[in-house]
Amino acid sequence: MWLDTIFFYVFALLALAGAVLTVTRRNAVHSAIWLIVSLLGVAGLYLLQHAEFLFAVQIVLYVGGIMVLFLFVIMLVNLDQAARERQFNKQWWVALACILVVSAEAAYVLYSGADSFKLAAPARASEPGNVEQLADVLFSKYLLPFEVSSVLLLVAVVGSVVMAKKRI
Amino acid sequence: MNFLDHIWLIPLFPLFGAVVMLILGRRFDPQAPSDAALAPGLVESVEDHGHHAIGAAKFLVSLLCPGMVLLSFLLSVGAVIELASTAGKVHQVIQFTWLAGLPFHRADGALARFSADWGFLLDPLSSVMILIVTGIGFLIHVYSTGYMAHDGGYYRFFAYLNLFVFFMLMLVLANNYALLFVGWEGVGLCSYLLIGFYFHKKAAGDAAKKAFIVNRIGDAGFILGMLLLFALVGSVRFLDVNAALAGRAPETSFGVLSVLALLLFLGAAGKSAQFPLYVWLPDAMEGPTPVSALIHAATMVTAGVYMIARSSALFALTPETSTIVAAVGAFTAIFAASIALVQNDIKRVLAYSTVSQLGFMFVALGVGAYWVAVFHLYTHAFFKALLFLGAGSVIHAMSGEQDMRRMGGLKDKIPVTFRTMFIGSLAIAGVPGLAGFFSKDEILWQAWSSPLGSKSIFAVGLVTAFMTAFYMWRLMFLTFYGQPRMDAHTAAHIRESPISMTVPLSVLALLSIAGGWIGVPKLWSVFGDGFRAFEHWLEPVFAAAHSAEEAHHEASVEWLLMALSVSVAVGAILLARRRYLSKAVQEEPEAEAPGLLHKILLNKWYVDEIYDFLFVNGLAKRGGTLLGRFDSAIVDGGVNGAAWLTRFTSRFSIWWDTWIVDGLVRLSAFTVKVWSYPVRLVQNGLVQTYALMVMAGLAVILGYYMSR
Amino acid sequence: MHPVTTVHYLVVGLALLLIGTIGVLTRRNIVVILMSIELILNAVNVNLIAFSRHLQDLSGQIFAIFVITVAVAEAAVGLGILIALFRNKETVLADEVDLLKW
Chain H
1 MWLDTIFFYV
11 FALLALAGAV
21 LTVTRRNAVH
31 SAIWLIVSLL
41 GVAGLYLLQH
51 AEFLFAVQIV
61 LYVGGIMVLF
71 LFVIMLVNLD
81 QAARERQFNK
91 QWWVALACIL
101 VVSAEAAYVL
111 YSGADSFKLA
121 APARASEPGN
131 VEQLADVLFS
141 KYLLPFEVSS
151 VLLLVAVVGS
161 VVMAKKRI
Chain B
169 MNFLDHIWLI
179 PLFPLFGAVV
189 MLILGRRFDP
199 QAPSDAALAP
209 GLVESVEDHG
219 HHAIGAAKFL
229 VSLLCPGMVL
239 LSFLLSVGAV
249 IELASTAGKV
259 HQVIQFTWLA
269 GLPFHRADGA
279 LARFSADWGF
289 LLDPLSSVMI
299 LIVTGIGFLI
309 HVYSTGYMAH
319 DGGYYRFFAY
329 LNLFVFFMLM
339 LVLANNYALL
349 FVGWEGVGLC
359 SYLLIGFYFH
369 KKAAGDAAKK
379 AFIVNRIGDA
389 GFILGMLLLF
399 ALVGSVRFLD
409 VNAALAGRAP
419 ETSFGVLSVL
429 ALLLFLGAAG
439 KSAQFPLYVW
449 LPDAMEGPTP
459 VSALIHAATM
469 VTAGVYMIAR
479 SSALFALTPE
489 TSTIVAAVGA
499 FTAIFAASIA
509 LVQNDIKRVL
519 AYSTVSQLGF
529 MFVALGVGAY
539 WVAVFHLYTH
549 AFFKALLFLG
559 AGSVIHAMSG
569 EQDMRRMGGL
579 KDKIPVTFRT
589 MFIGSLAIAG
599 VPGLAGFFSK
609 DEILWQAWSS
619 PLGSKSIFAV
629 GLVTAFMTAF
639 YMWRLMFLTF
649 YGQPRMDAHT
659 AAHIRESPIS
669 MTVPLSVLAL
679 LSIAGGWIGV
689 PKLWSVFGDG
699 FRAFEHWLEP
709 VFAAAHSAEE
719 AHHEASVEWL
729 LMALSVSVAV
739 GAILLARRRY
749 LSKAVQEEPE
759 AEAPGLLHKI
769 LLNKWYVDEI
779 YDFLFVNGLA
789 KRGGTLLGRF
799 DSAIVDGGVN
809 GAAWLTRFTS
819 RFSIWWDTWI
829 VDGLVRLSAF
839 TVKVWSYPVR
849 LVQNGLVQTY
859 ALMVMAGLAV
869 ILGYYMSR
Chain A
877 MHPVTTVHYL
887 VVGLALLLIG
897 TIGVLTRRNI
907 VVILMSIELI
917 LNAVNVNLIA
927 FSRHLQDLSG
937 QIFAIFVITV
947 AVAEAAVGLG
957 ILIALFRNKE
967 TVLADEVDLL
977 KW
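Residue numbers (my numbering), protein chains in the order written: chain H, 1 to 168; chain B, 169 to 876; chain A, 877 to 978.
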């Protein structure tokens, strides 16, 4: 069991450290690299939670798809100028204060409500694999949202093309 | 044929002639219009003198136009003969309503509708006038065929002349003031056209304009008088007016009727060249001589006399205005006669003589002797037409020369002209037995004896009679007697005028002798009543005006006065003979009497200069300056003021707009701005700020829920 | 060593969320802001997965799939907007884009 715990902390550390470094790096390419690290950490967390399908999707879609998209854009857009500028805006301290307040409040909520989450360890599911179960639910109960999401993607494709293209 | 019901035809014949001439006349006239600039007679001196052949076209013109007037004359004679046999001696032919106005309130409050007929009235007064107009008109037409034979614009001349006869007949035949005014203006127009006949000469054009403009002053009075009359009486028909005025008592003070009469007199004074407005008539001599004879001696200028005689019922009610009429007439008579004493232009002497004789007529009108005025009008038409035509004949013979100082000794060279003019001069001088004697003597007697007359008017008349005889015989002596003073070339061309000119002269001379015998003085009872036909003939017309008259006078006084006037006339003739047949004057008439009075008279009392100073320069030019100042000060001032006001108001409007309207808008905007400033700070367009707001809101909401 | 409970995951998710939020609120570079948004979405996904596991309900995972879908669409459109913005204004800094105000 402690292996789980070790992996959890490793993945959590990867995710949080990657996130912090993503946010703080001056060079956008570096940020992207650290974002990949962070996303991989989150993918690990998915795996620890027995969400194998999402783990795969996280790797393939995020790390493989979205991040390549990001890097392409970074190449397209000249970020040298931006890299020499100030990296944080003028309201950073206000934002930080707000975040601190919110985090304190959230931490208080979590702390005060942590007992309610002390449930029994979930039983090991012996049923068909995670992907099968997910497919059952997705294509029956959530068929309509699924199809709608396809429309959403289509719209996103068209929209991004319209935005990015110089002249339609 | 029933002439009386066809009197409306009388004016139409000359109208027909005029229309034909004006439309087709150019084809009858082979001469170029530019020849019209040549003065009468000038052409003749250059061309073969004996050549009087008239082209076929001209022959047609000279047949048609006098023929039309002759037809009118015959019709008039027929109508007058028929009139004489009617009971009331009044015949009215109303053809249609010519002017119809809206109803309005008369002076007495009754509702009246202005209307004027196209109607004709033949009564003894208008019968005298139409006979004069058509008779003398015909003679002058005939004369003109000879006189104008070599002038350009032959057809034009006859067109105007015929048109004049038409309007003059309309004037004297009209049955109301409005239609009379049509003729009145029409003859003014024709006068204008004929004075300016030689329109290439500036003097002619100026004289025409002067005549037209001066006449307008009088016409204004006539129109006002006519409208006032209508407002008082409710009709402009002569018979209605006379009937309406018949019952009234004469005005004792200067009332509304006097004003009305004075306005009409102003019109008459303009047309008949009385004192303040006479200045156009001498200048009108710029027209051809037949025109001077017909329009400016015999007919048109007597229109004023006719009009007042026509209004006798009114003037009989207004003794004060009548006195003014008499005074103005007397003054005009002596004033014009004094100018005529020294003028050297033969036509100008006659022109001033005309003014003077018209003054005589107005004296007669003023003292209430209306028939005498008409009588003098009638005799004056004969002898003055004769004198003018004779003068024209002289000018014709003298190759256009009009200055008497360059004449002399013409007596034997143009005998017919001399004899006829001799008769005319005797007639105007008042030698007993000739036309002028009867009428003038009657005027003098009436001025003495009438209740409205006075000794002073008589005295003025007597002096004028003296002057008349003097200047007429000065004219005769300078022109026909003594030694010739013209240059050799002119002298070689002196011929007696053609028969077309001498016959009218002879006829008029005959009339000048005989014409007066229908109005012999009452004193000459030996001749019986038939010789006083004129007075009796006119009696019905002036019946209303003669009610309070006929004061008894001593016959001896009348004889005495008659003898006085005759002796004055004869004395004047002898004085003129003595003076102007003297060797010195005959040899050098230019050098005569350079006295101050002579100079003043020669310059016509400087009236033209005074008018120029007062009215032309004073009113027109200085008035122009004044008007200019008025224009720049008041009109422009008004415009500028309006502009200034607009600018001021617009400035105020700008101020109001800027400070008040905009100010309110700005104030509200400013208020909103001030109050929205904190909010605006938030809306800085930075998406991260908005996100921060969301976070802050989240923090607050979470805090709120937790603290609850 | 305590066993890993759902609360641990929630804490990680909260931390990710806050870090992502800090990135969104403070960074000037729009590319990094978009990355931070991805972080936030991942934080949500972590939470969803944790509760899915905790409640033995697959709906959480289904929801995570939809969130990823939306994230993909968002990234695509967002980066398209970024390119358009850069082409027109020659900038990728968020606080230089402030036309939409007042």
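Virtual Cβ for every residue (Gly too), placed ideally from N, Cα, C.
Local conformation of tryptophan 692 of chain B per DSSP, three classes: Position 524 of the second sequence, counted from the first residue, corresponds to residue 692 of chain B. Of the three classes helix, strand and coil, the one that applies to tryptophan 692 of chain B here is coil, per DSSP.
Report the CB separation of phenylalanine 645 of chain B from leucine 749 of chain B in whole angstroms; it is logged as a contact under 8 Å. Translated into positions along the second sequence, residue 645 of chain B becomes position 477. Translated into positions along the second sequence, residue 749 of chain B becomes position 581. 5 Å between Cβ atoms; contact.
By alpha-carbon positions, which one of B/Phe325, B/Gly314 and B/Val301 ends up nearest to methionine 336 of chain B? For the purposes of this step, residue 336 of chain B is taken as residue 168 along the second sequence, with counting starting at 1. For methionine 336 of chain B, the closest alpha carbon among the candidates B/Phe325, B/Gly314 and B/Val301 is that of B/Val301.
When DSSP labels each residue in this structure, what does leucine 290 of chain B get in the three-state scheme? Here residue 290 of chain B refers to the residue found at position 122 of the second sequence. Residue state, collapsed to three classes: strand.
Does the segment 790–804 of chain B come close enough to the segment 526–537 of chain B to have 3 or more Cβ pairs within less than 8 Å? no
DSSP state of arginine 653 of chain B mapped onto helix, strand, coil: The residue given as residue 653 of chain B occupies position 485 in the second sequence. Arginine 653 of chain B: coil per DSSP, three-state reduction.
Could you tell me how far apart the beta carbons of glycine 287 of chain B and asparagine 344 of chain B are, in whole angstroms, since I believe they sit closer than 8 Å? Counted from its first residue, the second sequence places residue 287 of chain B at position 119. Counted from its first residue, the second sequence places residue 344 of chain B at position 176. 7 Å between Cβ atoms; contact.
The segment 831–859 of chain B: positions lying closer than 7 Å to chain H by Cβ: Gln856 and Thr857
I want to see whether chain H comes within less than 7 Å of aspartate 971 of chain A, judged by CB atoms only; does it? Position 95 of the third sequence, counted from the first residue, corresponds to residue 971 of chain A. For aspartate 971 of chain A, the answer is yes, since a Cβ of chain H falls inside 7 Å of its Cβ.
With which residues is arginine 405 of chain B paired in a DSSP beta bridge? As a position in the second sequence, residue 405 of chain B is number 237, starting the count at 1. According to DSSP, which records beta bridges pairwise, arginine 405 of chain B is partnered with B/Asn344.
What residues from the segment 95–108 of chain H come within 8 Å of chain B, judged by C-beta to C-beta, listed N to C? Going along the segment 95–108 of chain H in chain order, one finds Ala95, Cys98, Ile99, Val101, Val102, Glu105, Ala106 and Tyr108 with a Cβ nearer than 8 Å to chain B.
Isoleucine 262 of chain B lies in the beta strand (DSSP E); which residues open and close that run? Counting from 1 along the second sequence, the entry for residue 262 of chain B is found at position 94. Element bounds for isoleucine 262 of chain B: 259–273.
Look at leucine 243 of chain B and serine 295 of chain B and say whether their C-beta atoms are less than 7 Å apart. Along the second sequence, one-based indexing puts residue 243 of chain B at 75. Along the second sequence, one-based indexing puts residue 295 of chain B at 127. Contact: no.
Measuring alpha carbon to alpha carbon, tell me which of B/Met394, B/Pro418 and B/Gly435 ends up nearest isoleucine 385 of chain B. As a first step, residue 385 of chain B is located in the second sequence; it is residue number 217 there, counting from the start. Isoleucine 385 of chain B has its Cα closest to that of B/Gly435, out of B/Met394, B/Pro418 and B/Gly435.
When the cut-off is 7 Å and only beta carbons count, does serine 31 of chain H lie next to chain A? Against the first sequence, residue 31 of chain H aligns to sequence position 31. Yes, serine 31 of chain H counts as interfacial toward chain A.
Three-state secondary structure (DSSP) of alanine 537 of chain B: Position 369 of the second sequence, counted from the start, is the residue given in the question as residue 537 of chain B. Coil at alanine 537 of chain B, not helix or strand.
Examine the Cβ distances between the segment 454–466 of chain B and the segment 370–379 of chain B and report whether three or more of them are shorter than 8 Å. yes
Thinking just about the alpha-carbon of each residue, which of B/Asp451, B/Val599 and B/Val493 is nearest to the one in leucine 620 of chain B? For the purposes of this step, residue 620 of chain B is identified with residue 452 of the second sequence, where counting begins at 1. Of the candidates B/Asp451, B/Val599 and B/Val493, the one whose C-alpha sits nearest the C-alpha of leucine 620 of chain B is B/Val493.
Which one of B/Val540, B/Asn170 and B/Ala342 has the shortest CA to CA distance from alanine 701 of chain B? By 1-based counting over the second sequence, the position of residue 701 of chain B is 533. Nearest C-alpha to alanine 701 of chain B: B/Val540.
Opposing strand residues paired with phenylalanine 88 of chain H [DSSP bridges]: Here residue 88 of chain H corresponds to residue number 88 of the first sequence, with the count starting at 1. Beta-bridge annotation (DSSP): phenylalanine 88 of chain H is paired with A/Arg903.
Buried or exposed, going by whether 16 or more other CB atoms sit within 10 Å of the CB of aspartate 4 of chain H? Here residue 4 of chain H corresponds to residue number 4 of the first sequence, with the count starting at 1. It counts as exposed.
Quick one: Cα of phenylalanine 606 of chain B to Cα of aspartate 319 of chain B, how far? Position 438 of the second sequence, counting from 1, holds the residue named residue 606 of chain B. Position 151 of the second sequence, counting from 1, holds the residue named residue 319 of chain B. Each residue's alpha carbon lies about 38 Å from the other.
Chain H partners of alanine 864 of chain B, CB-CB under 7 Å? Position 696 of the second sequence, counted from the first residue, corresponds to residue 864 of chain B. Near alanine 864 of chain B (Cβ distances below 7 Å), the residues of chain H are Cys98.
Ignoring anything shorter than 4 residues, give me the alpha helix (DSSP H) runs that lie fully in the segment 843–872 of chain B, in order along the chain. none
Going by the beta-carbon positions, is the gap between tyrosine 322 of chain B and valine 517 of chain B smaller than 7 Å? In the second sequence, counting from the first residue as 1, residue 322 of chain B sits at position 154. In the second sequence, counting from the first residue as 1, residue 517 of chain B sits at position 349. The answer is no: Cβ separation not under 7 Å.
Residue closest to glutamate 85 of chain H, alpha-carbon to alpha-carbon, out of A/Leu969, A/Ile959 and A/Thr902: Within the first sequence, the letter at position 85 stands for residue 85 of chain H. The residue with the shortest Cα to Cα distance from glutamate 85 of chain H is A/Leu969.
For the alpha helix (DSSP H) containing glutamine 937 of chain A, list its first residue and its last residue. Locating residue 937 of chain A in the third sequence gives position 61, counting from the first residue. From DSSP, the alpha helix (DSSP H) with glutamine 937 of chain A extends over 935–965.
Inter-residue CB distance, leucine 602 of chain B and isoleucine 681 of chain B (contact presumed, cutoff 8 Å): As a first step, residue 602 of chain B is located in the second sequence; it is residue number 434 there, counting from the start. As a first step, residue 681 of chain B is located in the second sequence; it is residue number 513 there, counting from the start. Indeed they touch by this definition, with Cβ atoms about 6 Å apart.
Continuous alpha helix (DSSP H) stretch holding aspartate 451 of chain B: start and end: Stepping through the second sequence from its first residue, residue 451 of chain B is reached at position 283. In this chain, the alpha helix (DSSP H) harbouring aspartate 451 of chain B covers 448–451.
In the DSSP assignment, find the alpha helix (DSSP H) that holds lysine 623 of chain B and state where it starts and stops. Position 455 of the second sequence holds residue 623 of chain B. Element bounds for lysine 623 of chain B: 623–648.
Of the choices B/Tyr328, B/Thr647 and B/Gly684, whose alpha-carbon is the least far from that of aspartate 513 of chain B? Sequence index remark: in the second sequence, residue 513 of chain B carries index 345 (1-based). Here the closest residue by C-alpha is B/Thr647.
Taking 7 Å as the cut-off, decide whether the C-beta atoms of alanine 441 of chain B and valine 469 of chain B are in contact. Position 273 of the second sequence holds residue 441 of chain B. Position 301 of the second sequence holds residue 469 of chain B. Yes, the Cβ-Cβ distance between alanine 441 of chain B and valine 469 of chain B is below 7 Å.
Counting contacts by CB-CB distance shorter than 7 Å, is leucine 21 of chain H in contact with chain A? Locating residue 21 of chain H in the first sequence gives position 21, where the first residue counts as 1. Cβ-Cβ to chain A under 7 Å: no for leucine 21 of chain H.
Closer than 7 Å by beta-carbon distance: list the chain A residues that pair up with glycine 159 of chain H, in chain order. Looking up residue 159 of chain H in the first sequence gives position 159. Within chain A, the residues near glycine 159 of chain H are Val953 and Gly956.
Between the beta-carbon of isoleucine 66 of chain H and the beta-carbon of valine 29 of chain H, is there less than 7 Å? Numbered from 1 along the first sequence, position 66 holds the residue referred to as residue 66 of chain H. Numbered from 1 along the first sequence, position 29 holds the residue referred to as residue 29 of chain H. Cβ atoms of isoleucine 66 of chain H and valine 29 of chain H: not closer than 7 Å.
Glycine 683 of chain B and threonine 547 of chain B - do their beta-carbons sit closer together than 7 Å? In the second sequence, residue 547 of chain B corresponds to position 379, counting from 1. In the second sequence, residue 683 of chain B corresponds to position 515, counting from 1. Taking 7 Å as the Cβ cut-off, threonine 547 of chain B and glycine 683 of chain B qualify as a contacting pair.
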